[in-house]
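*Asks:* Using this note's numbering, the first residue of the sequence shown is number 2, and each one after it goes up by one. Every residue gets a Cβ at the ideal spot worked out from N, C-alpha and C, and that includes glycine. Handing you a structure now.
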Amino acid sequence: MIHFKNARSRCYVSLPKSKVVKIATMGLEFYMRRNLLNVHIPDLAHLAKKVRQTELMKKEKEKHRNEQRSKSKPFTRKEKVAYVTMESSEEEIDFETEVDLAKLKKGPPYCIPGWEMQKIKDRDVSLCPRCNAIFDAEAAAIFEKERMKKELAHREEQACQRQSIRRIEGQSSKTPQQNITAPLSRSQAIGVQWI
Numbered sequence: 002m003i004h005f006k007n008a009r010s011r012c013y014v015s016l017p018k019s020k021v022v023k024i025a026t027m028g029l030e031f032y033m034r035r036n037l038l039n040v041h042i043p044d045l046a047h048l049a050k051k052v053r054q055t056e057l058m059k060k061e062k063e064k065h066r067n068e069q070r071s072k073s074k075p076f077t078r079k080e081k082v083a084y085v086t087m088e089s090s091e092e093e094i095d096f097e098t099e100v101d102l103a104k105l106k107k108g109p110p111y112c113i114p115g116w117e118m119q120k121i122k123d124r125d126v127s128l129c130p131r132c133n134a135i136f137d138a139e140a141a142a143i144f145e146k147e148r149m150k151k152e153l154a155h156r157e158e159q160a161c162q163r164q165s166i167r168r169i170e171g172q173s174s175k176t177p178q179q180n181i182t183a184p185l186s187r188s189q190a191i192g193v194q195w196i
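Written out as structure tokens, the structure is:
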């Protein structure tokens, strides 16, 4: 097996371009070979170009047949086109082919109802720094009050838990415990005022 692979890698056959093109043409489908039967093709680049052109012509013929069939049926949907692309910019423009253009209608743009920006009159609007969401000033104040209430309730709960732990420790050591009160910070004092 190794001897065969080595022999195969050493055997090179030099073929002229016309023979290579002929071999490549024989590898194409019957429809393509039939269309390229009497066409002179000097190299593989020209062959690729001709194949691309015949494929485009085949697609256009099928599309035309489908349109003719749909015209004979009374209630059929036509294909809607949003944009048109060119296969490549190197191809020559053929002005003899037909192109159906879409008609543009004047009117307002289509908007999804849930995504519309609501117009707010006589209100202060603020931007949330964390998530870049837009709130009006009243909603922002409500959210801030709720956050402060939750924070204060959480701190009170922690303080109660600490006091119960100290009482339990104080009873076990039988030493009198003093009430320890820490001064409130400014943010805690503001939160207390809002409640």
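Which whole-angstrom value is the C-beta distance of L57 and A25, which I expect to be below 8 Å?
*Replies:* With 8 Å as the limit, L57 and A25 do not qualify as a contact, their Cβ atoms being about 19 Å apart.
*Asks:* Can T55 and L38 be called in contact, C-beta distance under 9 Å?
*Replies:* no
*Asks:* For the alpha helix (DSSP H) containing E30, list its first residue and its last residue.
*Replies:* Premise fails: E30 is in no alpha helix (DSSP H) and is neither H nor E.
*Asks:* Which of the three DSSP states is assigned to K107 in this structure?
*Replies:* coil
*Asks:* Excluding the 5 residues flanking R163 on each side, which residues of the same chain have their C-beta closer than 7 Å to its C-beta?
*Replies:* The answer is none, since no qualifying residue turns up.
*Asks:* Three-state secondary structure (DSSP) at H41?
*Replies:* coil
*Asks:* Can you look up L153 in the DSSP assignment and give me helix, strand or coil?
*Replies:* L153 falls in the helix class under three-state DSSP.
*Asks:* What residues in its chain sit with their C-beta under 8 Å from that of V40, if we drop five residues either side in the sequence?
*Replies:* K51
*Asks:* In whole angstroms, what separates the C-alpha of E59 from that of R70?
*Replies:* One point to set straight first is that residue 59 is Lys, not Glu, in the sequence displayed. About 17 Å.
*Asks:* Could you have a look at K74 and say whether DSSP puts it in helix, strand or coil?
*Replies:* coil
*Asks:* Within 10 angstroms of its Cβ, does L48 collect 16 or more other Cβ (buried), or is it exposed?
*Replies:* buried
*Asks:* Note down the Cα distance separating F144 from I169, rounded to an integer number of angstroms.
*Replies:* 38 Å
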